[in-house]
Amino acid sequence: MLDRTVAPPVQPLARITLPAADVFSLPNGARLHVLHNAAQPVVRLQVTFKAGKWYDPSAGVSLLAARMLLEGTRTRTARQIADEVAFYGASLECEQGFDRTTLTLYCLSRHLPALLPLVQDVLTEPTFPETELALVKTRTIQNVRVERQKTSYLASESFSRNLFGPTYPYGITFDESIFQDITSEQVRSFFQQHYHFAEAEIFLCGDVASEHTAQLTQLLGSIPSGLVTNSGSDNVSATLAPQDYVTVNGSLQASLRIGRLWPSLSHPQTHELQVLVKVLGGYFGSRLMKNIREDKGLTYGIYASVSPREHATSFIIGSDVNATNAPAAITEIHRELRRLQEEPIPLTELQTVKNYMSGKFANELSTVFEQGDKYRNLIFYNLTPDYYTDFVAQIQAVDSTTLQHLAQEYLSPDAMIEVVSGPKQ
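The opening position of the sequence shown corresponds to residue 1 in UniProt numbering, with each subsequent residue numbered one higher.
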């Protein structure tokens, strides 16, 4: 008879290898990465450009360029673009990130040939009409106004500004007056300078046939390459203040953001550092959750995570608490940071975290699209091909002594930027 009081045994995860991608160099300089998986008759096409916030000539231009890309071309109105996508049961969107802008198409594999001319049209013939631009600016400003009534948004915004500096691309905050004055000519100029194919990365994954690759090469590979993008400087500006308080009148809640600059994903101990962050606050059973949520009842949730970007990486602890409990929560966060520096992690706790990370990693590779996301990271962050292959082995091999030394180097409370957003003190 099954004894349900005894947990099932945990089996070690075998070595995992990401599927290899076929890489093609297109005539205009773009690279096409193809991951084949015929399990489902669907494909995802992503065309990425170095056109994110990092390359903004003026705050907000890159955001508007991305949002305006589907608002009309020389041959199609925004409505016609949306109707054509809907007719094939597909999804087409353009998302601006900190470093890159990505046009993403999801569709059934049999519909890809019919939709590729639309993708080509969107990427080569956008018109940035004045009427739609005004509407996009109005919606964006309204959304930011709503968000800035939230302590969590204000805390994150202030944290980035203090961590990276107010003039560093990752630290520049939204300015309504500057954003409102952006013209269609500025947006068009940004598109012409940054949406080129000399450095574009194109990812096609799913049920991909050889004719799909040939047609994509013909349509997107023939687009003029354009100029090479200036990547700017990677030097982070001086920070503003180690502690900052953002006042939100009438708020009963306070939002905490505590963190620092962090080693990039290419750091030789990046996997060990991920284990350390997981122990601290990377899952529901973490130390921060047990202490500040379960034992003290100060919050519904608290997390610690690493945010990798191409030019700088950050570590952040975040939580929302009752405003009167903010000082106590910060004290307990400092306590947990120091405990990792002063005491080795017990073997049972460490093994639990290792098992959790291994299982979650395997689950994140269950679909070809998730595998494609991991593969994109290798390209964008210039990681070695064995980065994910070595992940499981390295996290299973790390010991408490190594993690304690890493905590002493990177988790000192005195080295952290602290931001609290809440009611008037």
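Note that beta-carbon positions come from the ideal geometry of N, C-alpha and C, so glycine has one too.
Being a predicted model, the structure only gives us computed values, none of them experimental.
DSSP-derived helix/strand/coil call for Ile258: For this step, residue 258 is matched to residue 258 along the sequence shown. The answer is strand: DSSP assigns Ile258 an E or B state.
Report the rounded CA-to-CA distance for Ser177 versus Val61, giving the unit in angstroms. Position 177 of the sequence shown, counting from 1, holds the residue named residue 177. Position 61 of the sequence shown, counting from 1, holds the residue named residue 61. Computed Cα separation, rounded: 13 Å.
Less than 8 Å between the beta carbons of Gly72 and Ala78, yes or no? Numbered from its first residue, the sequence shown carries residue 72 at position 72. Numbered from its first residue, the sequence shown carries residue 78 at position 78. Yes, the Cβ-Cβ distance between Gly72 and Ala78 is below 8 Å.
How do the segment 254 to 274 and the segment 376 to 391 stand: do at least 3 beta-carbon pairs fall below 8 Å, yes or no? yes
Segment contact flag, the segment 16 to 29 with the segment 103 to 123, C-beta cutoff 8 Å, min 3 pairs: no
So what does Asp22 bridge to, in DSSP terms? Mapped onto the sequence shown, residue 22 falls at position 22. Answer is Val34.
Are the beta-carbon atoms of Gly221 and Asn382 separated by less than 8 Å? Indexing the sequence shown from 1 puts residue 221 at position 221. Indexing the sequence shown from 1 puts residue 382 at position 382. The answer is no: Cβ separation not under 8 Å.
Tell me which residue opens and which closes the alpha helix (DSSP H) that Ser264 is part of. As a working note, residue 264 is residue 264 in the sequence shown. Note, Ser264: premise wrong, no alpha helix (DSSP H); not H, not E.
Can you tell which of Ser412, Val136 and Leu135 has the C-alpha that lies nearest to the C-alpha of Pro242? Position 242 of the sequence shown, counting from 1, holds the residue named residue 242. Per the Cα distances, Ser412.
If you draw a straight line from the alpha carbon of Gly171 to that of Val146, how long is it in whole angstroms? Position 171 of the sequence shown, counting from 1, holds the residue named residue 171. Position 146 of the sequence shown, counting from 1, holds the residue named residue 146. If I take the Cα positions, the gap works out to 20 Å.
How is Leu105 classed by DSSP in three states: helix, strand or coil? Here residue 105 refers to the residue found at position 105 of the sequence shown. In this structure, Leu105 counts as strand in the three-state DSSP scheme.
Would you decide whether His405 is buried or exposed? Buried here means 16 or more other CB atoms lie within 10 Å of its CB. For the purposes of this step, residue 405 is identified with residue 405 of the sequence shown, where counting begins at 1. Flag for His405 reads exposed.
What is the DSSP secondary structure of Thr17, counted as helix, strand or coil? Looking up residue 17 in the sequence shown gives position 17. Reduced to three states, the DSSP call for Thr17 is coil.
Measuring CB to CB, does Gln46 end up less than 8 Å from Leu116? Along the sequence shown, read from residue 1 onward, the residue named residue 46 stands at position 46. Along the sequence shown, read from residue 1 onward, the residue named residue 116 stands at position 116. No.
Short of 7 Å in beta carbon distance, which residues of its chain neighbour Arg309, apart from the five on each side in sequence? Order them along the chain. Mapped onto the sequence shown, residue 309 falls at position 309. Excluding residues within five positions, the ones whose Cβ falls inside 7 Å are Phe98, Asp99 and Tyr170.
The segment 203 to 210 touching the segment 29 to 36, judged by at least three CB pairs closer than 8 Å: yes
Inter-residue Cα distance where the pair is Lys296 and Asp3: Along the sequence shown, one-based indexing puts residue 296 at 296. Along the sequence shown, one-based indexing puts residue 3 at 3. Approximately 34 Å between the Cα atoms of the pair.
Can you list, in chain order, the residues of its chain whose CB lies under 6 Å from that of Phe191, leaving out five sequence neighbours each side? If you number the sequence shown from 1, residue 191 lands on position 191. Closer than 6 Å at the Cβ level, and outside the excluded window around Phe191, lie Ala65.
Suppose you measure from the CA of Ala200 to the CA of Ile302; what does that come to, to the nearest Å? In the sequence shown, counting from the first residue as 1, residue 200 sits at position 200. In the sequence shown, counting from the first residue as 1, residue 302 sits at position 302. Cα to Cα, Ala200 sits roughly 38 Å from Ile302.
If you run the structure through DSSP and keep just helix, strand and coil, what is Ile302? For the purposes of this step, residue 302 is taken as the residue at position 302 of the sequence shown. If DSSP states are grouped into helix, strand and coil, Ile302 belongs with the strands.
Within 10 Å of its beta-carbon, does Phe87 have 16 or more other beta-carbons around it, so buried, or fewer, so exposed? Start at 1 with the first residue of the sequence shown, and residue 87 comes out as number 87. Exposed: under 16 other Cβ atoms inside 10 Å.
Going by DSSP, what residue range makes up the beta strand (DSSP E) through Tyr88? For the purposes of this step, residue 88 is identified with residue 88 of the sequence shown, where counting begins at 1. From DSSP, Tyr88 is part of no beta strand (DSSP E); its letter is neither H nor E.
Taking the beta carbon of Ala254 as the centre, do at least 16 other beta carbons fall within 10 Å, making it buried, or is it exposed? If you number the sequence shown from 1, residue 254 lands on position 254. Buried.
Report back the beta-carbon spacing between Leu340 and Ser400 to the nearest angstrom; my notes put them in contact at under 8 Å. Here residue 340 refers to the residue found at position 340 of the sequence shown. Here residue 400 refers to the residue found at position 400 of the sequence shown. The pair is not a contact, with the Cβ atoms about 10 Å apart (cut-off 8 Å).
Is the CB-CB distance between Ser156 and Asp244 below 8 Å? Along the sequence shown, one-based indexing puts residue 156 at 156. Along the sequence shown, one-based indexing puts residue 244 at 244. For Ser156 and Asp244, no; Cβs fall outside 8 Å.
So, with DSSP's three-state summary, where would you put Leu154? Residue 154 sits at position 154 when you count from the first residue of the sequence shown. Helix at Leu154.
Do Pro126 and Leu69 have their C-beta atoms closer together than 8 Å? As a working mapping, residue 126 is identified with position 126 in the sequence shown. As a working mapping, residue 69 is identified with position 69 in the sequence shown. Yes, the pair counts as a contact, with Cβ atoms nearer than the cut-off.
What separation, rounded to the nearest whole angstrom, lies between the Cα atoms of Ile345 and Glu185? On the sequence shown, residue 345 is found 345 positions in, with the first residue counted as 1. On the sequence shown, residue 185 is found 185 positions in, with the first residue counted as 1. Their Cα atoms are separated by approximately 57 Å.
In the segment 121 to 152, which residue ranges form an unbroken alpha helix (DSSP H) of at least 4 residues, counting only runs that do not cross its ends? 130 to 147
Under a three-way DSSP split, which group does Leu365 fall into? By 1-based counting over the sequence shown, the position of residue 365 is 365. Reduced to three states, the DSSP call for Leu365 is coil.
Tell me whether the beta-carbon of Val43 lies closer than 8 Å to the beta-carbon of Val208. To locate residue 43, count along the sequence shown from 1; it is residue 43. To locate residue 208, count along the sequence shown from 1; it is residue 208. Taking 8 Å as the Cβ cut-off, Val43 and Val208 qualify as a contacting pair.
Could you check how far apart the C-beta atoms of Leu280 and Glu336 are, in whole angstroms? I think they sit under 8 Å. Walking along the sequence shown from the start, residue 280 turns up at place 280. Walking along the sequence shown from the start, residue 336 turns up at place 336. Indeed they touch by this definition, with Cβ atoms about 6 Å apart.
Comparing C-alpha positions only, which one of Ile316, Gly165 and Thr348 sits nearest to Gly259? Taking the sequence shown and counting its residues from 1, the one referred to as residue 259 is at position 259. Gly259 has its Cα closest to that of Ile316, out of Ile316, Gly165 and Thr348.
My assumption, with CB atoms under 8 Å, is that Leu298 sits in contact with Ala328. Please give the rounded CB distance. Translated into positions along the sequence shown, residue 298 becomes position 298. Translated into positions along the sequence shown, residue 328 becomes position 328. Contact flag correct, Cβ pair sits at about 6 Å.
Please name the residue, chosen from Glu130, Pro166, Pro263 and Thr124, that lies closest to His196 on a Cα-to-Cα basis. Residue 196 sits at position 196 when you count from the first residue of the sequence shown. Selected option, being the one with the closest Cα: Thr124.
Beta-carbon separation (whole angstroms), Ala312 vs Gly422, contact threshold 8 Å: The count along the sequence shown starts at 1 and reaches residue 312 at position 312. The count along the sequence shown starts at 1 and reaches residue 422 at position 422. Incorrect: roughly 27 Å between the Cβ atoms, too far for contact.
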